[in-house]
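Numbering of the sequence shown is given in numbering that gives the first Met the number 0, commencing with residue 0 and proceeding in unit increments. Cβ coordinates follow ideal geometry from the N, Cα and C atoms, glycine included. Let me begin by presenting the structure, written as structure tokens, before commenting on it.
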Amino acid sequence: MKRLLIVDDSKLMRDMVAACLRPLGAVSFEFAGTGLEAIERLALAGFDLVVLDLNMPDVGGIEVIEFVRSQDRLRTLPILIVTTRGDDESRTRVLEAGASGFLAKPFAPEQILEQVRSLLPGAPA
0 MKRLLIVDDS KLMRDMVAAC LRPLGAVSFE FAGTGLEAIE RLALAGFDLV
50 VLDLNMPDVG GIEVIEFVRS QDRLRTLPIL IVTTRGDDES RTRVLEAGAS
100 GFLAKPFAPE QILEQVRSLL PGAPA
């Protein structure tokens, strides 16, 4: 079973992302409401993919990406950034920081499902 960590300061958005990804089937979801909580969870447990908001009140998405990429065992972990900042500068910034994918809010359920399938090894088509 694949394990996904969904990180967003909005509980509604965390729940919506999980609902959009349920068609993946054998996937378990864990949630973090802050960047700091995400870093703590990532340090303790193994995940197959992270869906990460860019703008959070404590530790932002860029800092979470930098933490992940600095850890040997997490270095190749796929990270999909989902953000309201859909401009080219934000996209370039997160991809240069080490994000694996980028999706601007609002998005259609099919868009996030397609992105996750492309990033998650062994995900059902």
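Contact check between the segment 16–27 and the segment 59–71: fewer than three CB pairs, one atom from each, fall below 8 Å, which does not count as touching. When C-beta atoms of the segment 21–28 are compared with those of the segment 63–78, fewer than three pairs fall below 8 Å, so the two segments do not count as touching.
Within its own chain, the residues whose Cβ lies closer than 6 Å to the Cβ of residue 76, once the five positions on either side in sequence are excluded, are 67, listed in chain order. Residues of the same chain with a CB within less than 6 Å of the CB of residue 7, apart from the 5 flanking positions on each side, are 13, 52 in chain order. Residue 116 places its beta carbon 8 Å or farther from that of residue 47. Excluding the 5 residues flanking it on each side, residue 112 has same chain C-beta neighbours closer than 7 Å at 19, 20, 22, in chain order.
Ranked by Cα distance from residue 74, the first of 33, 41, 80, 108 is 41.
Here residue 99 is buried: its Cβ has 16 or more other Cβ atoms, across all protein chains shown, within 10 Å. DSSP places residue 69 in no beta strand (DSSP E) but in the uninterrupted alpha helix (DSSP H) bounded by 60–69. In summary, residue 0 is exposed, with fewer than 16 beta-carbon neighbours lying within 10 Å of its beta-carbon over all protein chains present. Straight across, the Cα-Cα distance linking residue 37 with residue 82 is about 16 Å. Residue environment analysis places residue 89 among the buried positions, since at least 16 neighbouring C-beta atoms fall within 10 angstroms of its C-beta.
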